[in-house]
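Numbering (my numbering), first residue to last: 8 to 950.
Backbone N, C-alpha and C fix where the C-beta goes; we use that ideal spot for every residue, glycine too.
Please read the structure below before turning to the comments.
Structural data, given as structure tokens:
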């Protein structure tokens, strides 16, 4: 074994300081990636079919179409320190400026596309006497001329550049361009995206920073706890490799806060009643076995119009929760007539009746102290009927009682803030008729809906698009695709199974490779309805199931304990319960506990996270856990399926291998997956992001070990990847007696605008890690895996559909809608069980191993059948999927409710444009904790 060059272990301070250079702002647009390896050719393997893609080819009527890019700076005539200029305000100023313009300026502005910030694009010239053009706009207030200079604005217009739209077409033809030409082409793409959202933004509500998602109140579906699901569409102008660019259109669904009077909405947000919610789910068979009967349909969704309890006061905890939901929410006031829309700064901590301020005296009268309640009575003759409720604080510390606030529609609920019930109604509610119809449409319906949006948007009759000479095809693109053959799935005793529509079952099989015998373990129930006798009965049966699959259990009668999950400490009674279970396992065998089986009363996210956090960081050493639901283990219905699913997870958690495929990866290759997950959006200090890489421990590429770091929040690049990869190479060499000659790296969690930065920093980090071993230069193939995209494919022929209407597993597309320059492809490796299946987009950004298209595509498809805890192919190459799972598991340890009380340090945050106060953290916290038990990271604890 070669001796690597030593390098001092990085300290937390070293890593944090190194992260400062990685705070890169996302531009939110496509990257050309022209420096990446070119496509080695197109794939040919598989059965050829044709599919429709939700892309509409777009042409420019005239060659050499030019638009002018103007910078526009809109400021109030009387500037106020720290005055905000929200997009809605800038749009108001723009609209009035266009309305009041005359002559050539009017013509140019009528055809212009304004980005609601600092740019607009128009095919017409604006006449200028000098290098700038100035316009003054008096923004009307409630239909009247403004009463103060704060509503008067000056717009300064300057020509930035001329944009040649033909550069997009040239790129689609595969023409290599200079860096300067590529930048101009990207500006042209941006101009087209701004153009296409002009009309949509007037008819619908735009949501999201990129300005590509639009929603309508029509057909909104009430959720529980004050949420509502609105539907709409998203659109994006993109290049293709089919000689012309295209407009991509897809459906969109998002959760918002229900509009209405704020006291009633607050009651719903706090779970005091009202809102939606469907009935119970029907039953279905478990994974790993023949699918069971569908079960009865759940009850009908409940509307939001039911009785809402009247709230009279709020405690500090409730106010904190409301502030999490309502920060920056838009509202109107009802105590006076005005058409202005305001934003909530916060909910006050004190009731309206005790909130006082100094009112300036008038007509020679002295200043005086007055309560909010008294003020609204005197000034507006409005009686505050709920004086014990707090106020909304907005603007320059203005206070208004909740009962005079009416929330506007389309106040977004971040996914991280959705309650488990709300999330269930969006995800699990797919089994109810109402949500299936709205959010999980089968492919034919989704395709029809997309086509309906295309016709409704009616681009050919929009004046601005006409003025630009743009034509959008009325039909989706027809794209060639191929269906790859599935691999044989291999189990123990050389048993080979053929996947059918991406799935197979566990009948009469044994797992491929055993893990360590289960000796030191225990069972703890946090459900008082699942007693010791219930647990013992289940364990007797479950041990038999484990033995059936070849999972050896030496201790067949582990101690079974009861514990109360409730308590006054941070994790209630969960920590003492797990401590007692770990102690029982150790005392019986005098070995560190391998596993604790935890019985939960129901599927409850909060309890689950607490169990995982305590088991990882709250015990003497980290301990692997497996959670079970009480109702599942006490019912005979579906028990075989349930135990089979749990057995797969436990086998991996004991270091075993459930099944494999003959993937053909050379023994000298180390496969690596990586992901970064970011902190939830919240006020206060910025929490760290979590970076994960997970790598094969030997050339079989069937078992993997993760490396985990905390790093600067909202930074997508993995800051400490060099040290993480160094550890992976050492571990591989330890198990195989040689270092990997090839590294196949799959990177998840990178937004499209960050691809080039990812290549620049992370490939270099891998090479630096290798250089520490001396003359060692493994060949690197680096593939980005993108799941968050809007590309969808639809079968044209009935024989190319499965029973859900989706394309069959193994469908691959690498022509026409892919990059004209880079080796990329879309692969739907899985069966779409509900809704329309989303393919994963694989982009090869470095390839020193020189994979052919067919070899890499077949390899990725085959690997999707190796996910350790499933008996069906998955949508993402498993090594990247594992990295994603590890990051999500660690999220539950790191992001606790009291994180905002931590100390702070100053560091930049990605996309912030400046420095932001950031929570202090130890980048090596998780690494050091895992190293407390050498065996913990050698098994699949994250399964």
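Quick one: using the 10 Å Cβ neighbour count with 16 as the cut-off for buried, is residue i buried or exposed?
i	result
residue 905	The predicted model places residue 905 with a pLDDT of 42, which falls under 50 and marks its position as unreliable, so this point remains unresolved.
residue 364	exposed
residue 322	exposed
residue 515	exposed
residue 133	buried
residue 605	buried
residue 865	buried
residue 680	buried
residue 347	exposed
residue 598	exposed
residue 522	buried
residue 771	exposed
residue 6	In the structure as shown, the chain begins at 8 and stops at 950. Residue 6 is therefore absent and cannot be evaluated.
residue 556	buried
residue 669	exposed
residue 462	exposed
residue 949	buried
residue 253	buried
residue 87	exposed
residue 371	exposed
Residue i and residue j: beta carbons closer than 8 Å?
i	j	result
residue 491	residue 819	yes
residue 528	residue 565	yes
residue 450	residue 813	yes
residue 717	residue 929	yes
residue 504	residue 251	no
residue 246	residue 827	yes
residue 263	residue 228	no
residue 933	residue 897	yes
residue 582	residue 625	yes
residue 621	residue 568	no
residue 496	residue 525	no
residue 792	residue 849	yes
residue 2	residue 802	For residue 2 there is no data in the structure shown, the boundaries of the chain being 8 and 950.
residue 722	residue 752	no
Whose C-beta lies closer than 7 Å to the C-beta of residue i among residues of the same chain, with five residues either side of it excluded?
i	result
residue 743	705 and 706
residue 384	390
residue 367	374
residue 161	82, 84, 141 and 143
residue 588	529, 531, 568 and 603
residue 921	Any reading at residue 921 is ruled out, since the residue's pLDDT is 43, under 50, leaving its predicted position unreliable.
residue 351	333, 334, 335, 336, 338, 399 and 401
residue 360	378, 380, 394 and 395
residue 119	127, 128 and 129
Could you name the residues of the same chain whose beta carbon sits closer than 6 Å to that of residue i, not counting the 5 residues immediately before and after it, in chain order?
i	result
residue 879	509 and 510
residue 170	74, 76, 194, 195 and 198
residue 672	708
residue 859	47
residue 854	44 and 788
residue 235	227, 229, 263 and 265
residue 665	518, 655, 658 and 875
residue 825	248 and 831
residue 578	617 and 621
residue 935	none
residue 891	682 and 755
Throw me the rounded Cβ distance for the residue i and residue j pair, which I believe falls under 8 Å.
i	j	result
residue 362	residue 378	6 Å
residue 127	residue 79	6 Å
residue 542	residue 572	Rounded, the Cβ-Cβ distance is 16 Å, inconsistent with contact.
residue 872	residue 506	6 Å
residue 686	residue 700	With a Cβ gap of about 19 Å, residue 686 and residue 700 do not count as contacting.
Just to confirm my understanding: we take residue i, look at its own chain, exclude 5 residues before and 5 after, and list those with CB closer than 8 Å. What are they?
i	result
residue 92	81 and 82
> Counting only runs that start and end within the region 620-695, where is the alpha helix (DSSP H) found for 4 or more residues in a row?
Replying inline: 637-641 and 646-660
>> Threshold first: 4 residues or longer. Then list the alpha helix (DSSP H) segments lying entirely within the region 354-415, N to C.
In response: 379-387
> Quick one: complete alpha helix (DSSP H) runs, 4+ long, within the region 796-873?
Replying inline: 860-870
>> To test your reading of the DSSP string, which unbroken beta strand (DSSP E) runs of 3 or more residues are found completely within the region 79-122?
In response: none
> What are the uninterrupted segments assigned as beta strand (DSSP E) that are 3 or more residues long and contained completely in the region 173-223, given in chain order?
Replying inline: 212-214
>> Extract the residue ranges of the alpha helix (DSSP H) inside the region 569-609, only unbroken runs of 4 or more that lie entirely within it.
In response: 581-596
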